[in-house]
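Here the protein sequences line up with chains H and E, keeping their order. Its first residue numbered 1, the first sequence is counted upward by one per residue in the working numbering. Its first residue numbered 1001, the second sequence is counted upward by one per residue in the working numbering.
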Amino acid sequence: MSTDSTKLAFNDGWQYAPAPESIDHIQIDDHYGLFINGEFVAPEIDRYFESLNPATEKPLSNIALASEKDVDRAVKAARKAYTGVWSKMSGADRGKYLFRIARIMQECAREFATIESLDGGKPIRESRDIDIPLAAAHFFYYAGWADKLEYAFPARTPVSLGVVGQIIPWNFPLLMAAWKIAPALACGNTVVLKPAETTSLTAMKLAEVFRDAGLPPGVVNIVTGAGPTGAAIVNHPDVNKVAFTGSTEVGKIIQRSLAGTDKKYTLELGGKAANIIFADAAIDEAVEGIVNGIFFNQGHVCCAGSRLLVQESVADEVVRKLRDRMETLIIGDPLDKNTDIGAINSAGQLETIESYLSIGQAEGAEMYQSDCSVPDQGYWCRPTIFTGVSQSNRIVQEEIFGPVLAIQTFRTLEEGLTKANNTPYGLSGGVWTDKGSKVFKMTQKIRAGVIWANTFNKFDPTSPFGGYKESGVGREGGMHGLGAYLKLEA
Amino acid sequence: MSIAAVPNDARMPGMSQVALVDEVGVKERAARFQTRSIKKESKIEALHMVLSMIDLTTLEGMDTPGKVKQLCQKAIHLHDAVPDLPHVAAVCVYPTMVVVAKKALGDHNINVASVATAFPSGMAPRQIKLEETRIAVDDGADEIDMVISRGAFLQGEYGFVFDEIAAIKEACGKAHLKVILETGELGTLDRVRRASVLAMHAGADFIKTSTGKIQPAATLPVTLVMLQAIRDFYYKTGKMIGMKPAGGISNSKLAIHYLVMLRETLGSAWMTPEWYRFGASSLANDVLMQLQKQATGVYQSADYFSKD
Chain H
1 MSTDSTKLAF NDGWQYAPAP ESIDHIQIDD HYGLFINGEF VAPEIDRYFE
51 SLNPATEKPL SNIALASEKD VDRAVKAARK AYTGVWSKMS GADRGKYLFR
101 IARIMQECAR EFATIESLDG GKPIRESRDI DIPLAAAHFF YYAGWADKLE
151 YAFPARTPVS LGVVGQIIPW NFPLLMAAWK IAPALACGNT VVLKPAETTS
201 LTAMKLAEVF RDAGLPPGVV NIVTGAGPTG AAIVNHPDVN KVAFTGSTEV
251 GKIIQRSLAG TDKKYTLELG GKAANIIFAD AAIDEAVEGI VNGIFFNQGH
301 VCCAGSRLLV QESVADEVVR KLRDRMETLI IGDPLDKNTD IGAINSAGQL
351 ETIESYLSIG QAEGAEMYQS DCSVPDQGYW CRPTIFTGVS QSNRIVQEEI
401 FGPVLAIQTF RTLEEGLTKA NNTPYGLSGG VWTDKGSKVF KMTQKIRAGV
451 IWANTFNKFD PTSPFGGYKE SGVGREGGMH GLGAYLKLEA
Chain E
1001 MSIAAVPNDA RMPGMSQVAL VDEVGVKERA ARFQTRSIKK ESKIEALHMV
1051 LSMIDLTTLE GMDTPGKVKQ LCQKAIHLHD AVPDLPHVAA VCVYPTMVVV
1101 AKKALGDHNI NVASVATAFP SGMAPRQIKL EETRIAVDDG ADEIDMVISR
1151 GAFLQGEYGF VFDEIAAIKE ACGKAHLKVI LETGELGTLD RVRRASVLAM
1201 HAGADFIKTS TGKIQPAATL PVTLVMLQAI RDFYYKTGKM IGMKPAGGIS
1251 NSKLAIHYLV MLRETLGSAW MTPEWYRFGA SSLANDVLMQ LQKQATGVYQ
1301 SADYFSKD
């Protein structure tokens, strides 16, 4: 292991001056109403909640709190748009709208990225280079499918479902909205969508894009609020399908309330992915993969590589290199172009993460955090790794949803595989080895929806995404993602 | 001419033990350094650092004593219109120009680096390479930039290459040895990593990417692989090895991203001319132009910067 005499120094000498993205170019309103039937309307009951900037704890805007009545208005608007306009429109014409939306999103990319980072805490580098381009790419991709649905399902007749209710999380606000809305519209459905209560702003900006694109009123309706608003969507009798991304806990509640109804549903839930490093991997690149796996988006990623399984003979080397690499991660102002790790999304989430840090230490694991300084205001968590943990530890079993990595070692391929699969989750996984045969052996046996080989956290609209076991039901993305929004008739 | 037949120094590392490189991952990491935004005072500090790390180079068949003297003047007086500029680290010339450079630089504390070992091809008998090295050192070279025998390396004759570097190192005496891998001829990043390890174990004080005569010369991914090799060597032995990317780094922005990569791979201890150099001929003027822009807010014409 590392000795002091050969320790690398990263925190002295030349430093990077602040390079903040400007906020002069963005427009955030003081109040946002609900987007129903093509316009922003006040909620039935005059209640609003604050959306905070998690990096400063200062309010950014006031967001309408949608009641059951508001949800009913939204569903009615969606139904009217479905029967009156959208279900009658040709696929080619629906595609034109989607292409137009995608192009406007690209034109507004800088504003979207800045607001996403302000409202959610993620580094501008990620919202600029990943979230927003990928969100537009989902619209482009599904725009192309809109008039080709028959070709996706040969010998079947694909028929739209009707009104779909969609509930999305706070970790990738705009991307999740795009991920849900684009395939739903391409398949001819209309939408009632609820963003997460801490990150409503880019959804409201997206509503403006729909309006500017001339999307017929009611085709997409956006209602804001917390759990009860979501429940009102799920339980509304005129909703034909529910698509949810969020915690396994809420996913189970939704599944229970949908039991016995004829509503279709897809659930994309939690994860506790194993990132498996074999001794014959390219270690330096694997260390990068570990960093991308767990510290991307502050670890607020359902498919994060939160469990590291590293083969015994390279464990010391990997941990040492990982620690050195962690010292170079810059934590702070999400709007700074050099920030690697931004703010934790909310006070509540920070509390959850911190409770797991205590649990891990109480369980006897050794905790290591990088040395970097964090701002006084706002919600922050230093990148953290735990060594000396086992499958019996809660920090290995439970989803933490923060920049916290649990590291275990394994000796044989079989042991690594057993540990990887010994979890109630099954959303993603990573395998690092220079041997192609080992990649295929592992990927066939890991029970998870997405498995990356020699990379991690790579996303593309053409690739299906979804979980095994408690990580969810159904697939989103790619051609598979169309099936979730269609009935297939003979 | 099999590898096994060559008796090698016990210090020679086993090539099968050298870390593997994943090209896709390296390129991705290298690209990430280029997303760093270096502004204001950190940019000015970086530009000063770049100037102080330059090996101002002229390696042409048509070089003359006059040309070398001009270059030395440039090394001493980078741009006197701007106060408090550092001077470059060294002037890099052919062996026949070492005496001229040495005299022209006087006591300005700028090193004379000489290429040797039948630069750039390295296609000469070992005795000639050794003799050339000794002559350059005797003439006053502070640093020797040798080239490895790429043909032998690509044939797998690692022992031959190792012994040759070790012999040149011995011939260098007090002069520092920079070993040019000529990565543009090695073909894969795995070979770059292997050649780096070989050179460091054989006694290199610096490892250097390129002669500048072959394309591609220095690139960010190649340099990253070499920096990682230096870091692993340091972990193992506690010995610091220097790094010199050379060829193709002609603008300030790119040079700053090389420094970003250095900072985030090896840390602050390497960020001095003692451990890091840029082999470049036209980089200095671009840096000067940027510094002038930082000071005045406007770009000056290239005609205001001396071209020697």
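All C-beta atoms in this analysis are idealised placements derived from N, C-alpha and C, irrespective of residue type, glycine included. As the structure is a computational prediction, the values presented were derived from the model and not from experiment.
{"Item": "E:A1204 vs E:M1240 beta-carbon contact at 8 Å", "Value": "no"}
{"Item": "Beta-carbon separation (whole angstroms), E:D1232 vs E:A1075, contact threshold 8 Å", "Value": "The pair is not a contact, with the Cβ atoms about 34 Å apart (cut-off 8 Å)."}
{"Item": "At least three beta-carbon pairs within less than 8 Å, the segment 363-383 of chain H to the segment 258-273 of chain H", "Value": "no"}
{"Item": "As assigned by DSSP and simplified to three states, the class of H:W179", "Value": "helix"}
{"Item": "Nearest-angstrom Cβ-Cβ length linking H:L309 and H:Q408, presumed shorter than 8 Å", "Value": "6 Å"}
{"Item": "Cut-off 8 Å between Cβ atoms - residues of its own chain near H:I400, not counting five sequence neighbours on either side", "Value": "G299, S306, T352, I353, Y356"}
{"Item": "Any C-beta of chain E under 8 Å from that of H:E288", "Value": "yes"}
{"Item": "Residue-level contact to chain E via CB, H:F456, 8 Å cutoff", "Value": "no"}
{"Item": "Contact set for H:G500: own chain, Cβ-Cβ below 7 Å, skip 5 residues either direction", "Value": "With chain H represented from 1 up to 490, any question about residue 500 of chain H goes unanswered, as that position is not in the structure."}
{"Item": "Three-pair Cβ contact test at 8 Å for the segment 103-115 of chain H versus the segment 450-460 of chain H", "Value": "no"}
{"Item": "E:E1264 at chain H interface by Cβ criterion, 8 Å", "Value": "yes"}
{"Item": "Listed by chain order, chain E residues near H:T328 by CB distance under 9 Å", "Value": "R1263, E1264, T1265, G1267"}
{"Item": "Three-way DSSP call (helix, strand, coil) for H:M479 in this model", "Value": "coil"}
{"Item": "Complete runs of the beta strand (DSSP E) confined to the segment 116-173 of chain H [at least 3 residues]", "Value": "157-160, 163-167"}
{"Item": "Test: H:M1 CB closer than 8 Å to a CB of chain E", "Value": "Here H:M1 scores only 43 on pLDDT, less than 50, and its place in the model is too uncertain to base an answer on."}
{"Item": "8 Å Cβ cutoff, H:N297 in contact with chain E", "Value": "no"}
{"Item": "Every unbroken alpha helix (DSSP H) inside the segment 1067-1116 of chain E [4 residues or more]", "Value": "1098-1105"}
{"Item": "First and last residue of the uninterrupted beta strand (DSSP E) at H:N245", "Value": "This sequence places Thr at residue 245 of chain H; Asn is not what is there. Run containing H:T245: 241-245, per the beta strand (DSSP E) assignment."}
{"Item": "Proximity test, Cβ basis, 8 Å: E:Y1235 and chain H", "Value": "yes"}
{"Item": "Cutoff 8 Å: H:G305 Cβ touching any chain E Cβ", "Value": "no"}
{"Item": "Where H:M105 falls, given that 16 or more other Cβ within 10 Å makes a residue buried", "Value": "buried"}
{"Item": "Three-state class that DSSP yields for E:K1208 in the structure shown", "Value": "strand"}
{"Item": "Selected residue, minimal CA-CA separation from E:M1049, among E:W1275, E:G1238, E:N1109", "Value": "E:W1275"}
{"Item": "Chain-order list of residues whose beta-carbon lies under 6 Å from that of E:M1001 (same chain, five-residue window excluded)", "Value": "The pLDDT assigned to E:M1001 is 40, lower than 50, so where the model puts this residue is not dependable, and the model offers no usable value."}
{"Item": "CB-CB length for H:L134 against H:L193, believed under 8 Å", "Value": "No, H:L134 and H:L193 are not in contact; Cβ-Cβ is about 18 Å, not under 8 Å."}
{"Item": "Simplified DSSP state of H:A17, which is helix, strand or coil", "Value": "coil"}
{"Item": "Local Cβ density within 10 Å of E:A1295, reported as buried at 16 or more and exposed below that", "Value": "exposed"}
{"Item": "Neighbouring residues, chain H, relative to E:V1026 (Cβ below 7 Å)", "Value": "E285"}
{"Item": "Under 8 Å from the C-beta of H:A17: neighbouring residues of chain E", "Value": "I1038, K1039, K1040, E1041, S1042, K1043"}
{"Item": "Contact check, H:R394 vs H:E363, beta carbons under 8 Å", "Value": "yes"}
{"Item": "Pick from E:K1043, E:D1107, E:E1045, E:S1042 that is closest to E:Q1073, judged by C-alpha positions", "Value": "E:D1107"}
{"Item": "Given 8 Å, three or more beta-carbon pairs between the segment 1210-1224 of chain E and the segment 1028-1037 of chain E", "Value": "yes"}
{"Item": "Coarse secondary structure for H:T384, derived from DSSP in three states", "Value": "strand"}
{"Item": "Stretch-stretch touch, CB-based, cutoff 8 Å, three pairs: the segment 328-347 of chain H with the segment 428-439 of chain H", "Value": "no"}
{"Item": "Within-8 Å CB hit, E:D1022 to chain H", "Value": "yes"}
{"Item": "is_contact[E:V1018, chain H] using C-beta, thresh 8 Å", "Value": "no"}
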